[in-house]
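The opening residue of the sequence shown carries number 4 in the working numbering; numbering runs sequentially from there. Every residue gets a Cβ at the ideal spot worked out from N, C-alpha and C, and that includes glycine. Here's the structure we're looking at; comments come further down.
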Amino acid sequence: MVLLIAAIAAGSLWVLLKMYNRSIRASATLSVMNIGRHIALHLADQPFVNDPDSESWTGFSELINALHKVEGGLMFVSVTKGGATVFHEQLISGDTENASIDHMFDDTDLTVGRRLIVDGTGSVPVMTFTLSPSSEAEFETIQIGIRRDAVDREGMLPTIAVGSMFKVAVLTIALSFGISLIILVIMLKREASQEGRRRREEHLAFAGVMANGIVHDFRNPMSSLKLDAQMLNKITAKADTPESKRVGELSTRIAGTLDRMDKVFQEFLYLSQPHHRAGVECDLRDIIKDCVEFMGPKLERAKLKIEIKMEDTPHTVIASPASLGRAIINLVTNAEQFSPPVSVIELKSFVSGSSVILDIKDHGPGIPDSERARIFEMFFTNRPGGTGMGLFLARTAIEEYGGKIVLQDSSSKGAWFRVTMPLLVPKAKEKR
4 MVLLIAAIAA GSLWVLLKMY NRSIRASATL SVMNIGRHIA LHLADQPFVN
54 DPDSESWTGF SELINALHKV EGGLMFVSVT KGGATVFHEQ LISGDTENAS
104 IDHMFDDTDL TVGRRLIVDG TGSVPVMTFT LSPSSEAEFE TIQIGIRRDA
154 VDREGMLPTI AVGSMFKVAV LTIALSFGIS LIILVIMLKR EASQEGRRRR
204 EEHLAFAGVM ANGIVHDFRN PMSSLKLDAQ MLNKITAKAD TPESKRVGEL
254 STRIAGTLDR MDKVFQEFLY LSQPHHRAGV ECDLRDIIKD CVEFMGPKLE
304 RAKLKIEIKM EDTPHTVIAS PASLGRAIIN LVTNAEQFSP PVSVIELKSF
354 VSGSSVILDI KDHGPGIPDS ERARIFEMFF TNRPGGTGMG LFLARTAIEE
404 YGGKIVLQDS SSKGAWFRVT MPLLVPKAKE KR
């Protein structure tokens, strides 16, 4: 549609340009004819016409040369008497072809026509103006010739101006088309983004329904188990034996694990709600440390080592510590599930410009190219027994607070995820 409008506008401008050029040509022709008519009338009023003598011949010739300086297109002036030419002033060299006379129109005693003058380079078209003086005049006719290209000269400036206007108009149309195309692309991308957001919200709503059922079925037995662990801890606290202390430690760990499970369920419910939740100011380094501490026993059982590199610079971001922590745990869990035993999972965080970056790398088989575009989709997994929720929930939590997560291209074996979060720059304290 935009292309059609642009084509119609360009075509209309082209038609207008052609019509205006024709109008300029006609106007220039009339202007040159008017100039020739005035020159002929002016020469007919000279004393030489009515009372020729030797001095008036010279003055008449000087007048013609002066007129030639004013009107460069003036080619010749000829005066006839009794059918014979008694005066002829040729302002350029060449021979006049009398046979090529072509009358254009007559205006009383003035006749306008065309003829050719042959010079060394070829034939030059000339407009002729033939005037018959009054009956009292000594001569019969006065004829002047003006180059036809004087018409082109008269119309040159308007044509150049119109051509410039046409170029500006075409440039304006092209610029408008380009801007319209850019706006159209932006609108299409925005629509695609909104459609993707709507689909994610639908998925989250579905996940919320599932989460409600899961939480309802698990919370009651988890609460009972937690109470049993607390009671067991109180009973063993009264006895002072190594076995009772060990049982107390295990019951405390059980209670802590149940608390973490409850937080996981709460976070799952939180993420499944399609609305934005206000974040708080937090340091990403502290969240990373908590996640590594939480994942420590699991990584130890899998015979995996985790390597952490963090800058001393504060990594302050605005987010929910629980949501962001759960996203990092999901990424580390994904690395743990695909890493071979006795390998290293690398975590590196640093500040780059106005962003905080967290890199998570493993040395597993990596992600095939055919699956890279879908790894963040809900329920997509290539691991037997996987739910396909970990990376999806991680991306949802990160993007909720203005961050992004991408799968980087890695030259080595394994997967490399990069999390980017906006850095919160502390405001300078006002000086009193």
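Residues that residue i bridges to, as DSSP identifies them
{"i": "M424", "result": "V359"}
{"i": "T244", "result": "None; T244 has no bridge partner."}
{"i": "V347", "result": "K308"}
{"i": "T133", "result": "T114 and Q146"}
{"i": "S64", "result": "DSSP output for S64 lists no bridge partner at all."}
{"i": "I42", "result": "Answer is none; I42 lacks a bridge partner."}
{"i": "C285", "result": "V320"}
{"i": "P128", "result": "L119"}
{"i": "F297", "result": "For F297, which the question treats as bridged, DSSP gives no partner whatsoever."}
{"i": "F169", "result": "Answer is none; F169 lacks a bridge partner."}
{"i": "F353", "result": "I360"}
Contact under 8 Å by Cβ, residue i with residue j
{"i": "D365", "j": "A418", "result": "yes"}
{"i": "F2", "j": "G367", "result": "Any property of residue 2 remains undetermined from this structure, which presents the chain solely from 4 to 435."}
{"i": "G221", "j": "F268", "result": "Here residue 221 is Phe; the residue named in the question, Gly, does not match the sequence. Going by C-beta atoms, F221 is nearer than 8 Å to F268."}
{"i": "M264", "j": "M225", "result": "yes"}
{"i": "N333", "j": "L287", "result": "no"}
{"i": "K306", "j": "P344", "result": "yes"}
{"i": "A43", "j": "F180", "result": "no"}
{"i": "I149", "j": "G39", "result": "yes"}
{"i": "M22", "j": "V115", "result": "no"}
{"i": "M381", "j": "H206", "result": "yes"}
Residues of its chain near residue i, where Cβ-Cβ distance is below 7 Å and the 5 sequence neighbours each way are ignored
{"i": "P128", "result": "R117, L119 and R151"}
{"i": "S167", "result": "none"}
{"i": "I290", "result": "P324, L327, G328 and I331"}
{"i": "L230", "result": "none"}
{"i": "Q49", "result": "F63 and L66"}
{"i": "R375", "result": "L410"}
{"i": "K308", "result": "V347"}
{"i": "E284", "result": "T319, I321 and L427"}
{"i": "I182", "result": "none"}
{"i": "S15", "result": "none"}
{"i": "V171", "result": "none"}
Close Cβ partners of residue i (< 6 Å) along its chain, the five nearest in sequence each way excluded
{"i": "M424", "result": "V320, V359 and G406"}
{"i": "V80", "result": "I67, E92 and I147"}
{"i": "V82", "result": "V89, F90, F142 and I145"}
{"i": "S126", "result": "L119"}
{"i": "G282", "result": "I321, A322, S323 and Y404"}
{"i": "R377", "result": "F383"}
Closest residue to residue i among the options (Cα-Cα distance)
{"i": "I145", "options": "L113, R249, G199 and V121", "result": "L113"}
{"i": "E65", "options": "T255, D293 and H91", "result": "H91"}
{"i": "E310", "options": "K292, L94, V82 and R40", "result": "K292"}
{"i": "D262", "options": "A232, T244, K237 and I238", "result": "A232"}
{"i": "A69", "options": "G86, L94 and V173", "result": "L94"}
{"i": "G356", "options": "V295, M313, L427 and G14", "result": "L427"}
{"i": "R203", "options": "L19, R386, V422 and F379", "result": "F379"}
{"i": "V295", "options": "K306, S254, L350 and R249", "result": "L350"}
{"i": "I11", "options": "L394, F420, F209 and V173", "result": "V173"}
{"i": "L228", "options": "E198, M392, D315 and T260", "result": "T260"}
{"i": "D372", "options": "P344, P245, S413 and N337", "result": "S413"}
{"i": "A400", "options": "F382, V218, V422 and K416", "result": "V422"}
{"i": "I257", "options": "A242, F209, K241 and N236", "result": "N236"}
{"i": "T336", "options": "E303, D315, P317 and F169", "result": "E303"}
{"i": "K312", "options": "A281, G282, E339 and S352", "result": "S352"}
{"i": "V354", "options": "G85, S196, P317 and E403", "result": "P317"}
{"i": "F420", "options": "A338, R377, M381 and F382", "result": "A338"}
{"i": "M130", "options": "L77, I189 and N215", "result": "L77"}
{"i": "E402", "options": "R200, K170 and A177", "result": "R200"}
{"i": "V18", "options": "E198, V73 and F169", "result": "F169"}
{"i": "S415", "options": "M381, G369, R377 and L394", "result": "G369"}
{"i": "E74", "options": "V171, H41 and A29", "result": "H41"}
Same chain, Cβ closer than 8 Å to residue i, neighbours up to 5 away in sequence not counted
{"i": "T239", "result": "S247, K248, V250, G251 and S254"}
{"i": "R386", "result": "Q340 and F341"}
Within-8 Å CB hit, residue i to chain C
{"i": "G148", "result": "No chain C is part of this structure, which consists of one protein chain only."}
Can you check the stretch 358 to 420 for any alpha helix (DSSP H) of at least 4 residues that lies completely inside it and give the ranges in chain order?
You should have 393 to 403.
Within the stretch 184 to 264, note down every full alpha helix (DSSP H) run reaching 4 residues or more, in order along the chain.
Complete alpha helix (DSSP H) runs here, min 4: none at all.
For the stretch 307 to 343, list the beta strand (DSSP E) runs that are entirely contained and at least 3 residues long, ordered along the chain.
The qualifying runs are 308 to 313 and 319 to 322.
At 3 residues or longer, what runs of the beta strand (DSSP E) sit wholly inside the stretch 70 to 97?
As for any beta strand (DSSP E) of minimum length 3 sitting wholly inside the stretch 70 to 97, the runs are 77 to 84 and 87 to 93, ordered along the chain.
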